[in-house]
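What follows is a set of notes on a single structure, which appears directly below.
Residue numbers (the numbering used here), protein chains in the order written: chain A, 1 to 180; chain B, 181 to 393.
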């Protein structure tokens, strides 16, 4: 069973008010959550994961005064978990220390480039194969017209140019049609 | 130790925690540092001899308002960064407001004075030592804040070091106001700010090393 935000939060607040049983229940519920969190993100062995879980539990306990009762509990928890992960690997030097790793972990958006790639593939799929092929070669893979012609085998350069031009024109018409 | 043992051990000591615990912890460290810093200032530099008269004038309060507003903004940002899920401190750009206000006063001062007096207004008598004294007085305050952070949970250590440095510098400058007899806005704008800026930079430099937990 997965604990939810409301349950965790009320246990946390119970602990902050001095209820030791609520605090112990909270820490027990956090163990599977944290194991999952670290398994998904850190490629360490099980000992590493368990070290991280324990370090995080100690931090949750020792620095619980920094939890603001009016804000989401899981946001607070995972901010600590993320910090502990970065600190752990920096200390162990298992991953080479990377400057700005925090930014990388927080800000890097994997979804946008992938969905853009899927959109492009879908659009190119609507074109005749020859046009799609030369557009991909010249506009995405970065080949020159001459290279694309050679790679396509037997196409003339002007043929490539004309195909790219017609294909792009068709794509523009299609995209504008979708927007309208 | 197994995780179950750890949990049993941790939940053996569950003291109640006040809602204002973060602010109180920071206030204690700050106060401790400020007392040391004020004692060092009083013993080493001495209060300005005309302090009793100066506090009835507007210039003393202009200086104090400048440093205290910076200190208040920096402390608010520091308190925010003491929590792991701190959020953005972009609003700290507000700290440019007192600087701009003081610059306006400074320019008005200069335009009311003959150009032959400008250099004296800008450099005063103590420009060589003023930034360094402010930096020195900021050290106890910064140490006090470091002590506070031993039970807090900053996750952006460089930013936290910088705001703690800014708070220490601005607090130290406020204390330094009790010693420093300089009376020109341009002087304060340049040399006080330089001392505060040095403290901020050193805080940013040391933050990642000293604030780890």
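No residue lacks a Cβ here, since even glycine has one placed at the ideal position from N, Cα and C. Small disclaimer: the values here were computed from a predicted structure and weren't measured.
9 angstroms Cβ cutoff, residue i in contact with chain A
i: residue 345(B); result: no
i: residue 332(B); result: yes
i: residue 191(B); result: yes
i: residue 303(B); result: no
i: residue 186(B); result: yes
i: residue 198(B); result: yes
i: residue 393(B); result: yes
i: residue 183(B); result: yes
i: residue 379(B); result: no
i: residue 245(B); result: no
i: residue 285(B); result: no
i: residue 270(B); result: no
i: residue 266(B); result: yes
Proximity test, Cβ basis, 9 angstroms: residue i and chain B
i: residue 38(A); result: no
i: residue 97(A); result: With a pLDDT of only 48 at residue 97(A), under 50, the local geometry of the prediction cannot be trusted, and the value read off the model is given with reservation. Chain B contact via Cβ: absent.
i: residue 68(A); result: yes
i: residue 108(A); result: Only weak support is given to the placement of residue 108(A): the predicted model assigns it a pLDDT of 49, under 50, and the question is left unresolved by the model.
i: residue 160(A); result: no
i: residue 127(A); result: no
i: residue 48(A); result: no
i: residue 8(A); result: no
i: residue 136(A); result: no
i: residue 122(A); result: no
i: residue 45(A); result: no
i: residue 1(A); result: Low local confidence applies: a pLDDT of 47 at residue 1(A) is under 50, so the model's placement there is unreliable, with the coordinate-based value given in what follows. Not one chain B Cβ lies under 9 angstroms of residue 1(A).
i: residue 23(A); result: yes
i: residue 141(A); result: no
i: residue 85(A); result: no
i: residue 11(A); result: no
i: residue 57(A); result: yes
i: residue 41(A); result: no
i: residue 27(A); result: yes
i: residue 16(A); result: yes
Rounded distance between the beta-carbons of residue j and residue i, thought under 8 angstroms
i: residue 59(A); j: residue 191(B); result: Residue 59(A) to residue 191(B), Cβ: 15 angstroms. No contact.
i: residue 357(B); j: residue 244(B); result: 5 angstroms
i: residue 134(A); j: residue 148(A); result: 6 angstroms
i: residue 261(B); j: residue 380(B); result: About 14 angstroms; that fails the 8 angstroms criterion.
i: residue 41(A); j: residue 85(A); result: 6 angstroms
i: residue 195(B); j: residue 18(A); result: 6 angstroms
When the options are compared against residue i, the one with the closest alpha-carbon
i: residue 82(A); options: 5(A), 39(A), 167(A); result: 39(A)
i: residue 138(A); options: 78(A), 157(A), 68(A), 51(A); result: 157(A)
i: residue 232(B); options: 368(B), 241(B), 269(B); result: 241(B)
i: residue 332(B); options: 379(B), 390(B), 270(B), 378(B); result: 390(B)
i: residue 218(B); options: 371(B), 319(B), 207(B), 376(B); result: 319(B)
i: residue 322(B); options: 186(B), 211(B), 196(B); result: 211(B)
i: residue 63(A); options: 79(A), 36(A), 124(A); result: 79(A)
i: residue 76(A); options: 308(B), 298(B), 247(B), 266(B); result: 266(B)
i: residue 307(B); options: 367(B), 346(B), 188(B), 347(B); result: 367(B)
i: residue 372(B); options: 230(B), 329(B), 282(B), 256(B); result: 282(B)
i: residue 314(B); options: 378(B), 195(B), 222(B); result: 378(B)
i: residue 272(B); options: 256(B), 194(B), 284(B), 285(B); result: 256(B)
i: residue 251(B); options: 181(B), 349(B), 316(B); result: 349(B)
i: residue 225(B); options: 286(B), 316(B), 208(B); result: 316(B)
The alpha helix (DSSP H) enclosing residue i, as first and last residue numbers
i: residue 92(A); result: 73 to 92
i: residue 188(B); result: 183 to 190
i: residue 56(A); result: 46 to 62
i: residue 15(A); result: 5 to 16
i: residue 38(A); result: 20 to 41
i: residue 135(A); result: 129 to 135
i: residue 148(A); result: 145 to 152
7 angstroms Cβ cut-off: residues of chain D touching residue i
i: residue 63(A); result: No chain D is part of this structure, whose protein chains are labelled A and B.
Query - alpha helix (DSSP H) runs wholly inside the stretch 204 to 277 of chain B, at least 4 long, in chain order - result: The qualifying runs are 231 to 234, 238 to 261.
Requested in this report: Can you check the stretch 312 to 388 of chain B for any alpha helix (DSSP H) of at least 4 residues that lies completely inside it and give the ranges in chain order?
Outcome: Counting only runs of at least 4 residues, the stretch 312 to 388 of chain B fully encloses the following alpha helix (DSSP H) elements, listed from N- to C-terminal order: 337 to 357.
Query raised in the report: Unbroken beta strand (DSSP E) runs of length 3 or more, entirely within the stretch 277 to 312 of chain B: which are they?
Result: Within the stretch 277 to 312 of chain B, no complete beta strand (DSSP E) run reaches 3 residues.
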